[in-house]
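Enquirer: At position 277 of the sequence shown (counting the first as 1) the number is 733 in this note's numbering, and the numbers step up by one without a gap. By construction, the Cβ of each residue, glycine as well, lies at the ideal position given by its N, Cα and C atoms.
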Amino acid sequence: MVLRAARMSLAVLVVWLLGGATLLAQSLDIDAAKKEDKVVIYGTIVPQVMTLIEKGFEAKYGIKTEYWRGNATKVIDRVLTEWRAGKPSFDVVIGARGPLALGKPEGVFAKYSPAASVNFPAKFKDKDGQLTAMRVTPVGILYNTELVKSDDVPKSFDDLLDQKWQGKISMPDPSRHASTAQFLWNMEQIKGEKWIDFARGLAKQRPHLVESYSSVPNAIVRGESAVGITYVQYAGQTKGPISFAPIDKLFADPSDAALSSKSPNVNAGKLFIEHLCSAEGQKKIADTGEFVLAAGVYPNIKGADKIM
457 MVLRAARMSL AVLVVWLLGG ATLLAQSLDI DAAKKEDKVV IYGTIVPQVM
507 TLIEKGFEAK YGIKTEYWRG NATKVIDRVL TEWRAGKPSF DVVIGARGPL
557 ALGKPEGVFA KYSPAASVNF PAKFKDKDGQ LTAMRVTPVG ILYNTELVKS
607 DDVPKSFDDL LDQKWQGKIS MPDPSRHAST AQFLWNMEQI KGEKWIDFAR
657 GLAKQRPHLV ESYSSVPNAI VRGESAVGIT YVQYAGQTKG PISFAPIDKL
707 FADPSDAALS SKSPNVNAGK LFIEHLCSAE GQKKIADTGE FVLAAGVYPN
757 IKGADKIM
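1) Let me make sure I understand the geometry here. Which of Phe513, Lys530, Ile486 has the alpha-carbon closest to that of Gln738?
2) Taking the C-alpha atoms as reference points, what is the distance between Ile711 and Ser734?
3) By Cβ distance below 8 angstroms, which residues in the same chain neighbour Leu480 in space, the five residues on each side in sequence not counted?
4) Alpha carbon to alpha carbon, how far is Leu558 from Ser569? Give it in angstroms, no decimals.
5) Do the CB positions of Gly692 and Ile757 come within less than 7 angstroms of each other?
6) Quick check: what's the CA-CA separation for Lys660 versus Glu522?
7) At what residue ranges does the segment 547 to 586 contain a whole run of the alpha helix (DSSP H), taking only runs of 4 or more?
8) Alpha carbon to alpha carbon, what distance is there between Asn674 and Ala589?
9) Taking 8 angstroms as the threshold, find out whether the segment 666 to 681 comes into contact with the segment 650 to 658 through three or more Cβ pairs.
10) How long is the line joining the alpha carbons of Arg540 and Arg534, rounded to whole angstroms?
11) According to DSSP, which residues form a beta bridge with Met627?
12) Excluding the five sequence neighbours on either side, which residues of its own chain have a C-beta within less than 7 angstroms of the C-beta of Ala713, listed in chain order?
13) Taking 8 angstroms as the threshold, find out whether the segment 515 to 532 comes into contact with the segment 489 to 496 through three or more Cβ pairs.
14) Should Glu602 go down as buried or exposed, given a rule of 16 or more other Cβ atoms within 10 Å for buried?
15) Confirm, please, whether the CB-CB distance from Ile703 to Lys605 is below 7 angstroms.
16) Please list the terminal residues of the continuous alpha helix (DSSP H) segment that includes Glu538.
17) Pull up the DSSP beta-bridge partners for Asn600, would you.
18) For Glu522, which residues does DSSP report across the bridge?
19) Taking three-plus beta-carbon pairs below 8 angstroms as touching, is the segment 618 to 627 in contact with the segment 744 to 761?
20) Can you round the beta-carbon distance between Gly554 and Asp743 to whole angstroms, since I take them to be within the 8 angstroms contact cut?
21) May I have the straight-line CA-CA distance separating Trp524 from Thr500, to the nearest angstrom?
22) Leaving out five residues before and five after Gly745 in sequence, what residues of the same chain have Cβ atoms less than 6 angstroms from its Cβ?
23) State the beta-bridge partners of Asp709 as determined by DSSP.
24) In angstroms, rounded to a whole number, what distance separates the CA positions of Glu538 and Asp608?
25) Could you give the distance in angstroms between the alpha-carbon of Ala760 and the alpha-carbon of Asn642?
26) So what does DSSP say about Lys762, is it helix, strand or coil?
27) Using a Cβ-Cβ cut-off of 6 angstroms (strictly less than) and excluding sequence neighbours within five positions of Phe546, which residues of its own chain qualify?
28) Give me whichever residues DSSP pairs with Phe747 in a beta bridge.
29) Relative to the C-alpha of Phe654, which candidate in Phe580, Asp614, Phe707 has its C-alpha closest?
30) Select from Asp485, Asp487, Pro503, Ala515 the residue whose C-alpha is nearest the C-alpha of Glu736.
31) Thinking just about the alpha-carbon of each residue, which of Asn600, Ser719, Leu706, Phe700 is nearest to the one in Val592?
Printed below as a string of C-alpha cells:
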C-alpha cells in the first residue's frame, strides 16, 4: 500500500505499554513454553537482525531458538513442502503477507492474535487472525553515495526509467521473487492500467537481477549497480557508501509472524510472537533499522518518521 505520514496518539501508546503485562499474563502459559525449551522459526529476516532478536528472547525466557532463513518465496515453499509431506517442523513463520497467505487455504496457520499487537494500526491486521503484522517493509530506492551525485538521486520510481540508469539498477528477479512481482503489481495503485508500461520500461533498462531484496544493497555497495529497488531498512543495516532516496511515494506490505496450526512447541511459538510485538521487542527490532508498528518507534534512518 502507499504509505503516508500517520501517527497514533500518545494516549493509545500509554495504554498499550501499561496494559501489555496484564494481557500477556492472561493469554500465555510461560511455564509451559519453558518446558518445551525451544522454538523453531522459518523467516525472511536477515541474520544480523534475527540474531539480536533471538538473543533477547533467549536471555529473557531461557528458551532456545532455531532459525532458518530464506527469501519470501523459499520460505513459503519450504513451509508448504513440509506441510504437504505431513512433517511440519516449524513453530513460527515470518515473512511478507502475500507469500504467507498461500498457506491459509491448506490450514497451515493457527488463529492467534498476540495481546501486545492489539493497538497496532488496523490497516495492517489480517482479517482472518492468522497473520500478525510485527513490522512493515517499505520498498524504495537505495543508491551508492560515491557513484550518484546529489542532483541525480532519484525522486520517484519513474526516474529509474531515465536512460542514464540503463544497466545500473539492481533488483530481484520478479520471476523468482514473489515480493518483487507483488511490488510491480502494486504499481497499479498509483498508475492504474499504465503500471504495465512502468514494468516494461524497467525491463528495458536491463537491470542487474539478483535473488532477493537482501542481495540488492550488497550489489550497490560493491559498485555493481548505482541504484537499486529494495527494502528501505537496508540503508541503515548495510555498511558502506549507501543511502535511501527520499522518493515521493513508497510501497510497503506488512511482514507477518504466523503460528503453525501443528506447532510442535505451541506455547513457545506463541511466546515468541508475543515477544516480537511487545514494547521491548519492537524497540529492539527498530534499533536494528527495521520499521515496526509500535507507535512512535522508528529506526535510525534519516526521515524515518515521515515514512511511517
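Expert: For this structure:
1) For the purposes of this step, residue 738 is identified with residue 282 of the sequence shown, where counting begins at 1. Considering only alpha carbons, the answer is Phe513.
2) The residue you call residue 711 lines up with position 255 of the sequence shown. The residue you call residue 734 lines up with position 278 of the sequence shown. Sequence inspection shows Ser at residue 711; the Ile mentioned does not correspond to that position. So the alpha carbons of these two residues sit roughly 16 angstroms apart.
3) Counted from its first residue, the sequence shown places residue 480 at position 24. With a pLDDT of only 42 at Leu480, under the threshold of 50, the placement of this residue in the model should not be trusted; the figure read from the coordinates follows. Take Leu480, set aside five residues on each side of it, and the residues of its chain with a beta-carbon closer than 8 angstroms to its own are Ala571, Ala572, Glu730, Ser734, in chain order.
4) Numbered from 1 along the sequence shown, position 113 holds the residue referred to as residue 569. Numbered from 1 along the sequence shown, position 102 holds the residue referred to as residue 558. Ser569 and Leu558: Cα-Cα distance of roughly 19 angstroms.
5) Along the sequence shown, read from residue 1 onward, the residue named residue 692 stands at position 236. Along the sequence shown, read from residue 1 onward, the residue named residue 757 stands at position 301. Closer than 7 angstroms, so yes.
6) Along the sequence shown, one-based indexing puts residue 660 at 204. Along the sequence shown, one-based indexing puts residue 522 at 66. As the crow flies, the alpha-carbon of Lys660 is around 42 angstroms from that of Glu522.
7) 553 to 556
8) To locate residue 589, count along the sequence shown from 1; it is residue 133. To locate residue 674, count along the sequence shown from 1; it is residue 218. Taking the straight line joining both Cα atoms gives about 27 angstroms.
9) no
10) Position 84 of the sequence shown, counted from the start, is the residue given in the question as residue 540. Position 78 of the sequence shown, counted from the start, is the residue given in the question as residue 534. Spanning the two alpha carbons is a distance of roughly 10 angstroms.
11) The count along the sequence shown starts at 1 and reaches residue 627 at position 171. According to DSSP, which records beta bridges pairwise, Met627 is partnered with Leu665.
12) Within the sequence shown, numbered from 1, the residue matching residue 713 stands at position 257. Cβ neighbours of Ala713 beyond the five flanking positions: Val548, Ile550, Thr588, Met590, Ile729, Leu732.
13) A contact exists between the segment 515 to 532 and the segment 489 to 496.
14) Numbered from its first residue, the sequence shown carries residue 602 at position 146. With a 10 Å radius around the Cβ and a threshold of 16 neighbouring Cβ atoms, Glu602 comes out exposed.
15) As a position in the sequence shown, residue 605 is number 149, starting the count at 1. As a position in the sequence shown, residue 703 is number 247, starting the count at 1. Contact: no.
16) Locating residue 538 in the sequence shown gives position 82, counting from the first residue. Boundaries of the alpha helix (DSSP H) around Glu538: 528 to 540.
17) Position 144 of the sequence shown, counting from 1, holds the residue named residue 600. According to DSSP, Asn600 bridges with Ile698.
18) On the sequence shown, residue 522 is found 66 positions in, with the first residue counted as 1. According to DSSP, which records beta bridges pairwise, Glu522 is partnered with Val496.
19) no
20) Counted from its first residue, the sequence shown places residue 554 at position 98. Counted from its first residue, the sequence shown places residue 743 at position 287. Not quite, the Cβ-Cβ distance comes to about 27 angstroms (not below 8 angstroms), so this is no contact.
21) Looking up residue 524 in the sequence shown gives position 68. Looking up residue 500 in the sequence shown gives position 44. Spanning the two alpha carbons is a distance of roughly 9 angstroms.
22) For the purposes of this step, residue 745 is identified with residue 289 of the sequence shown, where counting begins at 1. Cβ neighbours of Gly745 beyond the five flanking positions: Gln689, Gly692, Gln693, Pro755.
23) Taking the sequence shown and counting its residues from 1, one reaches residue 709 at position 253. Looking at the DSSP output, Asp709 sits in a beta bridge with Thr593.
24) By one-based count along the sequence shown, residue 538 stands at place 82. By one-based count along the sequence shown, residue 608 stands at place 152. Glu538 and Asp608: Cα-Cα distance of roughly 47 angstroms.
25) Your numbering for residue 760 matches position 304 in the sequence shown. Your numbering for residue 642 matches position 186 in the sequence shown. C-alpha separation (whole angstroms): 22 angstroms.
26) Here the question's residue 762 lines up with position 306 in the sequence shown. Correct three-state label for Lys762: helix.
27) Translated into positions along the sequence shown, residue 546 becomes position 90. These residues qualify, in order along the chain: Val496, Tyr498, Ser716.
28) Counting from one through the sequence shown, the residue named residue 747 turns up at place 291. BP columns for Phe747 point to Val592.
29) For the purposes of this step, residue 654 is identified with residue 198 of the sequence shown, where counting begins at 1. In terms of Cα proximity to Phe654, the closest of Phe580, Asp614, Phe707 is Asp614.
30) By one-based count along the sequence shown, residue 736 stands at place 280. Minimum Cα distance to Glu736 is reached at Ala515.
31) Counting from one through the sequence shown, the residue named residue 592 turns up at place 136. Closest option to Val592, Cα to Cα, is Leu706.
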